[in-house]
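Student:
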Amino acid sequence: MSIEWIEQVLQLTVQMGTVYLLASLGEIYAERSGVLNLGLEGMMLMGAATSFMFTLAYGHLSAILTSIIVGALMGLILSILVVDMKLNQVVVGLAMTMLGAGLSGFFTFPEVRKNLLLRLNPSLPEEVLLIQQAQKLPEIQIPLLSNIPVIGKMFFSHNLLVYFSFILSIAMWFILFKTRIGLTIRSVGENPSMADSLGVNVYMVRRMTVILSGVFASLAGAYFFIGFHPFWREGVTAGRGFIALALVILATWSPMRAILGAYLFGGVETFQYRLQLFGLGAQSPYFLAMLPYILTIMTLIIISTESIKKRIGAPASLGIPYAREE
Amino acid sequence: MKLAKTIIMPHSVKIKRRLHISRKLSILTTFSTLVLAFGVSGIFFAMIGLNPLDVYSYMVGVYTSPTLLLKALERAIPIGLAALGLSIAFRMNFWNIGAEGQMYMGMFASTGIVLLHAYYDLIPDYLVLLLMILASFVTGGLWCGLPAFLKAKMRVNEILTTLMMNYVAMYFVDFLIYGPWRDPKGYGFPLSIPFPEYAKLTMIFGEFAYSGLLLLCIAVALAVVILRYTKLGFELKIVGEGIDIARYAGIRITKVITLGGILSGGIAGLGGLAIVSGIIGRLRPRASPGYGYTAIIVILLSALNPWLVVPVSIFFGGIFVAGDILQATLKIPGAAVEMHQALIFLFIVVGEFLKRYKITITREVVR
Numbered sequence: 020m021s022i023e024w025i026e027q028v029l030q031l032t033v034q035m036g037t038v039y040l041l042a043s044l045g046e047i048y049a050e051r052s053g054v055l056n057l058g059l060e061g062m063m064l065m066g067a068a069t070s071f072m073f074t075l076a077y078g079h080l081s082a083i084l085t086s087i088i089v090g091a092l093m094g095l096i097l098s099i100l101v102v103d104m105k106l107n108q109v110v111v112g113l114a115m116t117m118l119g120a121g122l123s124g125f126f127t128f129p130e131v132r133k134n135l136l137l138r139l140n141p142s143l144p145e146e147v148l149l150i151q152q153a154q155k156l157p158e159i160q161i162p163l164l165s166n167i168p169v170i171g172k173m174f175f176s177h178n179l180l181v182y183f184s185f186i187l188s189i190a191m192w193f194i195l196f197k198t199r200i201g202l203t204i205r206s207v208g209e210n211p212s213m214a215d216s217l218g219v220n221v222y223m224v225r226r227m228t229v230i231l232s233g234v235f236a237s238l239a240g241a242y243f244f245i246g247f248h249p250f251w252r253e254g255v256t257a258g259r260g261f262i263a264l265a266l267v268i269l270a271t272w273s274p275m276r277a278i279l280g281a282y283l284f285g286g287v288e289t290f291q292y293r294l295q296l297f298g299l300g301a302q303s304p305y306f307l308a309m310l311p312y313i314l315t316i317m318t319l320i321i322i323s324t325e326s327i328k329k330r331i332g333a334p335a336s337l338g339i340p341y342a343r344e345e
Numbered sequence: 041m042k043l044a045k046t047i048i049m050p051h052s053v054k055i056k057r058r059l060h061i062s063r064k065l066s067i068l069t070t071f072s073t074l075v076l077a078f079g080v081s082g083i084f085f086a087m088i089g090l091n092p093l094d095v096y097s098y099m100v101g102v103y104t105s106p107t108l109l110l111k112a113l114e115r116a117i118p119i120g121l122a123a124l125g126l127s128i129a130f131r132m133n134f135w136n137i138g139a140e141g142q143m144y145m146g147m148f149a150s151t152g153i154v155l156l157h158a159y160y161d162l163i164p165d166y167l168v169l170l171l172m173i174l175a176s177f178v179t180g181g182l183w184c185g186l187p188a189f190l191k192a193k194m195r196v197n198e199i200l201t202t203l204m205m206n207y208v209a210m211y212f213v214d215f216l217i218y219g220p221w222r223d224p225k226g227y228g229f230p231l232s233i234p235f236p237e238y239a240k241l242t243m244i245f246g247e248f249a250y251s252g253l254l255l256l257c258i259a260v261a262l263a264v265v266i267l268r269y270t271k272l273g274f275e276l277k278i279v280g281e282g283i284d285i286a287r288y289a290g291i292r293i294t295k296v297i298t299l300g301g302i303l304s305g306g307i308a309g310l311g312g313l314a315i316v317s318g319i320i321g322r323l324r325p326r327a328s329p330g331y332g333y334t335a336i337i338v339i340l341l342s343a344l345n346p347w348l349v350v351p352v353s354i355f356f357g358g359i360f361v362a363g364d365i366l367q368a369t370l371k372i373p374g375a376a377v378e379m380h381q382a383l384i385f386l387f388i389v390v391g392e393f394l395k396r397y398k399i400t401i402t403r404e405v406v407r
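Residue numbers (our numbering), protein chains in the order written: chain A, 20 to 345; chain B, 41 to 407.
1) Could you please give the first and the last residue of the uninterrupted alpha helix (DSSP H) stretch that includes residue 96 (chain A)?
2) Indicate whether at least one CB of chain A lies closer than 9 Å to the CB of residue 89 (chain B).
3) Taking 8 Å as the limit between beta carbons, can you name the residues of its chain near residue 234 (chain A), skipping five residues before and five after?
4) Candidates B:321, B:336 and B:205: which alpha carbon is nearest residue 319 (chain A)'s?
5) Mind checking the stretch 364 to 377 of chain B against chain A and listing, in chain order, the residues whose C-beta falls within less than 9 Å of any C-beta there?
6) Using a Cβ cut-off of 7 Å, pull out every chain B residue sitting near residue 320 (chain A), in sequence order please.
7) Is it buried or exposed, residue 197 (chain B), if we count other Cβ atoms within 10 angstroms and call 16 or more buried?
8) Between residue 172 (chain A) and chain B, is there a C-beta pair that is closer than 9 Å?
9) Whole angstroms are fine: how far does the CA of residue 283 (chain A) sit from the CA of residue 270 (chain A)?
10) Using three-state DSSP, classify residue 250 (chain A) as helix, strand or coil.
11) Quick one: does residue 135 (chain B) have its CB under 9 Å from some CB of chain A?
12) Measuring straight from C-alpha to C-alpha, what distance separates residue 236 (chain B) and residue 230 (chain B)?
13) Using a Cβ cut-off of 9 Å, pull out every chain A residue sitting near residue 201 (chain B), in sequence order please.
14) Kindly indicate if chain A contains any beta-carbon less than 9 Å away from that of residue 407 (chain B).
15) Note down the Cα distance separating residue 319 (chain B) from residue 107 (chain B), rounded to an integer number of angstroms.
16) Reducing DSSP to helix, strand and coil, say where residue 397 (chain B) ends up.
17) Any beta carbon from chain B within less than 9 Å of residue 329 (chain A)'s own beta carbon?
18) Between residue 115 (chain A) and chain B, is there a C-beta pair that is closer than 9 Å?
19) Relative to the ligand MN, is the shortest distance from any of its heavy atoms to the C-beta of residue 334 (chain A) smaller than 8 Å?
20) In angstroms, rounded to a whole number, what distance separates the CA positions of residue 373 (chain B) and residue 124 (chain A)?
21) Using C-beta distances below 8 Å, list every residue in its chain close to residue 149 (chain A), excluding the 5 sequence neighbours before and after it, in chain order.
22) Please identify, using Cβ separations under 8 Å, the residues of the stretch 128 to 140 of chain A that lie next to chain B, in order along the chain.
23) Can you list, in chain order, the residues of its chain with a C-beta nearer than 8 Å to that of residue 248 (chain A)? Leave out the 5 residues immediately preceding and following it.
24) Any residues in the stretch 317 to 348 of chain B with a beta carbon nearer than 7 Å to a beta carbon of chain A? Which ones, in chain order?
25) Output yes if chain A places a C-beta closer than 9 Å to the C-beta of residue 205 (chain B); else output no.
26) Checking 9 Å against the spacing of the C-beta atoms, do residue 200 (chain B) and residue 331 (chain A) come in under that value?
27) Determine, using beta-carbon pairs with one atom in the stretch 180 to 190 of chain B and one in the stretch 142 to 155 of chain B, whether at least three such pairs fall under 8 Å.
28) Look up residue 177 (chain A) in the DSSP assignment and say whether it is helix, strand or coil.
29) Looking only at its chain, what residues have a beta carbon closer than 8 Å to the beta carbon of residue 158 (chain B), apart from the 5 residues adjacent to it on each side?
30) From residue 194 (chain A) to residue 165 (chain A), what does the alpha carbon distance come to, in whole angstroms?
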């Protein structure tokens with residue numbers, strides 16, 4: 020275990036964790052406002068598929084922008100179904116996950132993809148139409164700082180989205196806990212009828228947070244694909260949306276704690292692969308893979324205690340549709 | 041009363057909860073949503089240059105050809121069993137979305153019994169299948185009983201725990217099959233040893249579809265008896281109305297929810313048995329292509345009615361089979377099946393909304 024090895028593991032930990040961090044940030048807002056978005060995985064897949072197609076067609080910037088739009092659309096559909104129509108959030112969320120998985124697989128199927136790419140950009144050369152990988156986002160090394168031994172690579176040698184996610188989570192923590200907007204969002208999740216009687220448009224707040232969660236999930240998918248693992252296969256995110264969902268619980272709905280949790284999960288996953296390479300404990304990857312889920316179940320049990328629930332301010336009306344009484 | 045929400049600006053859209061949902065309306069809505077779902081999938085098929093009618097005719101072909109119908113039946117059995125389990129959980133308003141994991145635990149338990157028999161010779165031949173049924177029921181049951189107990193005792197959100205436990209179960213089976221349970225003569229493939237004949241559900245009628253259908257019908261009858269004619273079934277319904285109401289009625293909440301959870305997971309566990317002992321004949325990783333999630337669609341489409349589970353799960357079993365055929369003949373991506381299922385799922389859910397609410401559009405301008 021050389022220094023390089025440790026540096027590389029730490030760097031990968033952060034890069035892997037960023038997938039979870041991005042996806043969980045939007046979900047934290049949605050859940051804080053009382054809506055459980057179980058469609059995270061499907062939205063991530065849509066984001067990954069969109070970024071794949073658009074990177075091939077027009078490059079990275081278009082990929083990120085379009086995946087944001089796709090995420091917003093998915094979020095909009097979800098918000099109409101669960102906020103306006105007040106349908107069961109679990110059922111709709113699972114349906115969205117299936118839809119995202121189905122659509123993303125459908126549109127990236129080689130035959131279909133070829134036609135779509137040609138329609139997007141007719142000047143694409145033949146060999147691009149059927150490749151299974153895209154170009155990775157370039158890494159930006161921060162001069163001097165990235166040369167610090169051990170932790171330099173961990174913090175200062177990533178692509179832009181990683182830096183962006185880190186800054187964003189601090190900003191989103193600030194908005195959620197230190198501003199009026201955040202207070203409004205939290206009050207809607209805590210006691211919607213009270214918020215309503217104080218003049219807050221509960222529906223609008225929830226619509227916005229759900230769309231936001233769609234945007235972030237899709238962006239997380241796009242980051243995962245073009246920023247971390249640019250090799251396409253069907254269902255490429257492999258259940259990471261559900262790990263992000265778990266992370267929201269582990270972070271007890273705080274963007275700040277989500278940073279730590281995300282890197283913890285990122286580290287666990289990095290180790291999973293590293294240990295396999297070493298041939299160390301051939302059985303361990305499966306138990307390591309379980310760890311995020313087990314941790315989450317334990318967190319759920321711990322925060323079910325009334326006193327802790329109060330202290331962290333778990334959204335009391337999570338999963339309950341709001342219907343205005345008139 | 042719940043009403044008045046503006047959706048489209050120039051018109052005012054009023055949404056009122058219906059006081060009574062007629063059976064005719066309910067059936068009509070379900071059918072029209074199904075037709076709509078097929079229509080939208082058709083648009084997607086047309087987008088990739090296929091004639092939707094061709095695709096539909098292949099799908100219908102699954103239900104008219106006897107050999108394919110048998111295949112659809114085979115796949116309907118794990119789906120149906122999982123859905124039956126859910127019918128009990130959903131009745132008590134326990135959102136068990138862990139049928140998938142409970143099925144994996146069922147597979148684990150039934151394979152475990154076979155290996156105990158084959159490797160250590162602990163169990164006589166004639167007891168193997170019986171013990172497999174018992175073990176898969178108990179293991180699946182415990183896998184759902186735990187979140188049920190946590191929900192009852194400490195109000196831990198069951199949606200999240202059951203969902204997370206799916207992955208724990210799946211990775212656990214992965215671990216076994218890539219590790220200690222791998223067939224030593226299997227050339228390194230992640231497969232268990234093939235089950236002996238007397239450990240397969242095919243031993244009863246030769247064809248798994250028949251014995252499986254029998255198993256499914258027995259389970260349906262059991263679910264109906266439990267839900268309609270036992271004290272537990274009655275208590276489950278009261279708990280479903282609301283935990284506080286149930287508490288006032290003097291029902292022992294913890295006991296009822298935990299028992300309901302065990303029953304729900306146990307029946308799903310039998311679904312796992314059906315997969316390894318009926319369809320595949322051995323254990324392999326990721327043996328369920330999401331039957332546990334399909335079961336959620338099935339039970340919602342059946343409106344929690346156990347009898348309806350049988351035809352509806354055959355319908356969905358057929359969709360899986362149709363997917364395989366479409367992939368082979370028309371070169372349609374496998375994801376198309378998932379997309380098609382998801383669309384049916386979404387439209388059914390929206391149909392629920394149309395059943396429950398009456399929408400009137402008035403042409404007056406609201407600010």
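All C-beta atoms, glycine included, are put in the ideal place defined by N, C-alpha and C.
Tutor: In short:
1) 79 to 98
2) yes
3) 45, 87, 90, 91 and 94
4) B:205
5) 371, 372, 373, 374, 375, 376 and 377
6) 190, 194 and 196
7) buried
8) no
9) 11 Å
10) strand
11) yes
12) 18 Å
13) 315, 316, 319 and 320
14) Note that residue 407 (chain B) has pLDDT 46, beneath the 50 cutoff, so the model's placement of it is unreliable and the number below is only indicative. By this cut-off, residue 407 (chain B) is not an interface position.
15) 15 Å
16) strand
17) no
18) yes
19) As presented, the structure is devoid of all ligands, the ligand MN included, so that no description of it is given.
20) 7 Å
21) 129, 132 and 133
22) 128, 130, 131 and 134
23) 255
24) 333, 336 and 340
25) yes
26) no
27) yes
28) strand
29) 233 and 236
30) 30 Å
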